[in-house]
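For the first sequence, full-length UniProt numbering begins at 1 and goes up steadily by one. Okay, so here's the structure we're looking at.
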Amino acid sequence: MTTEAAEYFSRELLGWYRQNKRVLPWRMNRDPYRIWVSEVMLQQTRVDTVIPYYERFMDKFPTAEALAEAPEAEVLKCWEGLGYYSRARNLQAGAQEVVSRHDGVVPDDKAAVSALRGVGPYTAGAIMSIAFNRPEPAVDGNVMRVLSRYFCLEDDIAKPSTRVSIEKLAASLIPEGAAGDFNQALMELGALVCTPKSPGCLTCPVMAHCEGRMAGKEHILPIKTKAKPPRPELRLAALVTGTGSHAGKILIRQRPDTGLLARMWELPHIAGPSIAAAEDSDMPKKRRRAGAKAEPVPQRVREEQMDILCRTLAGEERVLIRPTSWWGEAEHVFSHLVWDVQVYITEFGFMLEEAAAAQEASALLADRAAEAHAVYAWQHDAGNEPAAEAAEADNLASLPANYRWIGPEDMSNYAFPNVFLRILREYWETVD
DNA sequence: AATCCGGGGTA
DNA sequence: TACCCAGGATT
Numbered sequence: 001m002t003t004e005a006a007e008y009f010s011r012e013l014l015g016w017y018r019q020n021k022r023v024l025p026w027r028m029n030r031d032p033y034r035i036w037v038s039e040v041m042l043q044q045t046r047v048d049t050v051i052p053y054y055e056r057f058m059d060k061f062p063t064a065e066a067l068a069e070a071p072e073a074e075v076l077k078c079w080e081g082l083g084y085y086s087r088a089r090n091l092q093a094g095a096q097e098v099v100s101r102h103d104g105v106v107p108d109d110k111a112a113v114s115a116l117r118g119v120g121p122y123t124a125g126a127i128m129s130i131a132f133n134r135p136e137p138a139v140d141g142n143v144m145r146v147l148s149r150y151f152c153l154e155d156d157i158a159k160p161s162t163r164v165s166i167e168k169l170a171a172s173l174i175p176e177g178a179a180g181d182f183n184q185a186l187m188e189l190g191a192l193v194c195t196p197k198s199p200g201c202l203t204c205p206v207m208a209h210c211e212g213r214m215a216g217k218e219h220i221l222p223i224k225t226k227a228k229p230p231r232p233e234l235r236l237a238a239l240v241t242g243t244g245s246h247a248g249k250i251l252i253r254q255r256p257d258t259g260l261l262a263r264m265w266e267l268p269h270i271a272g273p274s275i276a277a278a279e280d281s282d283m284p285k286k287r288r289r290a291g292a293k294a295e296p297v298p299q300r301v302r303e304e305q306m307d308i309l310c311r312t313l314a315g316e317e318r319v320l321i322r323p324t325s326w327w328g329e330a331e332h333v334f335s336h337l338v339w340d341v342q343v344y345i346t347e348f349g350f351m352l353e354e355a356a357a358a359q360e361a362s363a364l365l366a367d368r369a370a371e372a373h374a375v376y377a378w379q380h381d382a383g384n385e386p387a388a389e390a391a392e393a394d395n396l397a398s399l400p401a402n403y404r405w406i407g408p409e410d411m412s413n414y415a416f417p418n419v420f421l422r423i424l425r426e427y428w429e430t431v432d
């Protein structure tokens with residue numbers, strides 16, 4: 001690679017960017033807090049998706065101090081639907097660090113910015129270059145693709161070591177005094193011209209010296225090893241309908257403080273029988289394509305699933321419900337996981353007389369009745385209430401602390417992952 | 001170095 | 001359908 005080709009690249013790309021850059025809300029000024037928020041939102045997320053979220057977020061949390069002081073639930077609600085919710089929690093933690101350690105001002109200091117929660121090598125480089133015009137590289141997926149093609153680099157960009165070497169290359173290309181524009185130019189080219197598939201070489205400002213294209217390899221670059229496919233999981237979810245004082249409401253619960261979808265709200269649900277166990281059966285293993293209609297599930301299986309769902313919630317969470325009917329299905333795709341969510345309508349509370357009658361009819365139901373009875377006794381030991389008064393458990397049973405009854409008007413107070421948003425919105429429409 | 005963490009656009 | 005995306009934290 002010649003020095004001339006590199007200088008040509010930087011010069012032409014910078015000129016192209018200054019003529020063609022998009023008007024975006026985070027390009028109004030160089031407020032480092034605004035840049036920071038935009039860069040975090042843009043992690044693994046497209047510009048068009050981010051824009052409306054960014055507008056709402058900056059309207060609600062215009063400064064690091066405002067974000068630092070906000071209740072976390074409000075921040076999550078503002079992030080609802082955007083995904084990777086740890087970004088929101090880390091961003092707020094970072095804002096709190098800025099307030100407590102840097103007097104509310106994002107520091108013009110690479111080490112200090114890198115130390116902020118949720119700020120990694122890319123985001124640190126982006127903030128330092130775009131907000132402060134410091135000559136730091138900001139290497140994301142776009143930049144790795146553009147540079148892999150232009151310099152015909154055949155290293156696997158899935159390897160961390162490749163990102164490090166490309167960072168050194170990117171740093172060497174930054175024109176004097178133009179770090180912010182140049183880094184954005186690299187990403188803008190990757191987003192608008194040097195796209196993953198069918199790159200627009202004919203409109204590319206640096207096509208003339210692109211080594212990847214000259215080698216005829218622009219379509220196979222960058223080299224990237226494939227990720228493992230996500231594993232499928234069956235989830236059984238309960239739309240628990242309230243009665244009495246909770247008529248018209250349904251039951252939701254909050255997830256734990258850590259792990260998947262931390263502190264988000266959801267329908268109570270459990271993991272279904274493992275996929276592996278299902279495939280051990282003599283059923284034909286048909287791979288269902290996403291978007292295709294599911295195989296019809298036999299009523300027998302529906303009843304088994306309802307039963308497992310009710311018994312498990314009673315046994316593990318002390319939530320007493322009884323099955324009503326199958327409601328529908330929803331899919332939720334994570335990067336490493338696919339949930340097949342089967343949703344069942346259930347009623348809150350459990351009538352002991354009914355359970356006793358069922359005891360004679362079915363061994364499975366007998367198990368549930370026995371468990372429910374035990375749970376009921378556990379709940380009412382303290383009060384010494386006679387079991388006969390269990391008919392309206394609705395008003396007697398207390399819920400675990402992470403459970404809430406909500407109506408449609410309460411949706412704006414809780415942050416849900418998309419799959420439960422879809423289910424709940426559709427459900428509220430049908431009950432109206 | 002591998003895994004976990006969402007969701008949506010694209011060809 | 002497969003791939004990709006303005007990645008970072010954890011282990």
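Beta carbons are placed, not taken as given, at the ideal position from N, Cα and C, and that holds for glycine. All values derive from a computational prediction rather than experimental measurement.
Rounded separation between residue i and residue j - CA only
i, j, result
"Leu-313", "Pro-199", "52 Å"
"Gln-44", "Val-98", "24 Å"
"Gln-254", "Arg-213", "51 Å"
"Ala-366", "Glu-426", "Unreliable placement is indicated for Ala-366, whose pLDDT of 46 sits below 50; no coordinate value is reported for it."
"Ser-10", "Gly-216", "22 Å"
"Ala-237", "Gly-104", "43 Å"
"Lys-249", "Gly-407", "5 Å"
"Asp-31", "Thr-49", "22 Å"
"Asn-384", "Phe-57", "Interpretation of Asn-384 is limited by its pLDDT of 36, a score under 50 that renders its predicted location unreliable; the figure taken from the coordinates is listed afterwards. About 51 Å."
"Gln-96", "Gly-259", "22 Å"
"Val-375", "Pro-256", "Reliability fails at Val-375, whose pLDDT of 48 lies under 50, so the model's placement of it is uncertain and no value is given."
"Lys-21", "Ala-68", "32 Å"
"Asn-29", "Ala-330", "42 Å"
"Gly-15", "Lys-159", "32 Å"
"Pro-296", "Asp-340", "14 Å"
"Pro-71", "Arg-300", "46 Å"
"Val-119", "Lys-110", "11 Å"
"Ala-115", "Ala-262", "23 Å"
Among the options, the one whose alpha carbon lies nearest that of residue i
i, options, result
"Tyr-150", "Arg-322, Leu-189, Leu-76", "Leu-189"
"Ala-319", "Leu-239, Glu-218, Ser-10, His-219", "Residue identity differs from the one stated: residue 319 is Val in this sequence, not Ala. Of the listed residues, the one whose Cα sits closest to Val-319 is Leu-239."
"Gln-342", "Cys-194, Ala-111, Ile-157, Ile-423", "Ile-423"
"Leu-267", "Asn-402, Trp-16, Asp-109", "Asn-402"
"Glu-80", "Asn-418, Glu-429, Asp-432, Val-431", "Asn-418"
"Arg-18", "Leu-186, Phe-334, Ala-138, Glu-4", "Leu-186"
"Cys-204", "Leu-13, Glu-409, Gly-118", "Leu-13"
"Cys-78", "Trp-339, Val-37, Gln-96, Arg-117", "Val-37"
"Val-40", "Gly-315, Pro-107, Leu-82, His-246", "Leu-82"
"Trp-265", "Tyr-85, Val-47, Glu-176", "Tyr-85"
"Glu-4", "Tyr-414, Ser-412, Ser-172", "Ser-172"
"Val-333", "Ser-412, Arg-263, Pro-229", "Pro-229"
"Leu-153", "Lys-224, Asn-183, Pro-175, Glu-136", "Lys-224"
"Met-306", "His-269, Leu-202, Gly-177, Ser-100", "His-269"
"Thr-195", "Val-75, Ile-174, Gly-141", "Gly-141"
"Ile-220", "Ser-161, Gly-242, Tyr-344, Lys-197", "Lys-197"
"Gln-184", "Thr-241, Trp-26, Ile-51", "Trp-26"
"Glu-176", "Glu-7, Thr-430, Ile-51, Glu-429", "Glu-7"
"Ala-178", "Pro-137, Leu-42, Ala-415, Arg-311", "Pro-137"
Cβ-Cβ separation, residue j to residue i (assumed contact under 8 Å), whole Å
i, j, result
"Glu-233", "Ala-271", "6 Å"
"Asp-181", "Ser-165", "Not really, about 24 Å apart at Cβ, beyond 8 Å."
"Val-139", "Ala-124", "That belief does not hold up - the Cβ atoms of Val-139 and Ala-124 are roughly 11 Å apart, past 8 Å."
"Ile-321", "Glu-347", "6 Å"
"Met-144", "Arg-117", "Not quite, the Cβ-Cβ distance comes to about 25 Å (not below 8 Å), so this is no contact."
"Ile-157", "Ile-35", "The pair is not a contact, with the Cβ atoms about 25 Å apart (cut-off 8 Å)."
"Ser-148", "Pro-222", "4 Å"
"Glu-317", "Pro-400", "6 Å"
"Ala-66", "Val-75", "Wrong, their Cβ atoms sit about 10 Å apart, outside the cutoff."
"Pro-135", "Ile-174", "5 Å"
"residue 441", "Trp-428", "Nothing in the structure corresponds to residue 441, since the chain is present only between 1 and 432."
"Thr-430", "Gly-349", "Actually they do not touch by this definition, with Cβ atoms about 22 Å apart."
Any contact between the stretch 124 to 135 and the stretch 204 to 218? By contact I mean 3 or more CB pairs, one from each, below 8 Å. no
Please confirm if the stretch 88 to 103 is in contact with the stretch 60 to 68, defined as three or more CB-CB distances below 8 Å between the two stretches. yes
Write down every uninterrupted run of the alpha helix (DSSP H) in the UniProt domain "HhH-GPD" (41 to 192) whose length is 4 residues or greater and which is fully enclosed by it, in chain order. 47 to 60, 64 to 69, 72 to 79, 86 to 102, 110 to 114, 121 to 126, 141 to 150, 160 to 173, 179 to 192
As an exercise, report each continuous beta strand (DSSP E) stretch of at least 3 residues that is fully enclosed by the stretch 292 to 338, in chain order. 321 to 333
Can you list the beta strand (DSSP E) stretches of 3 or more residues lying completely in the stretch 209 to 286, in chain order? 231 to 241, 250 to 254, 269 to 271
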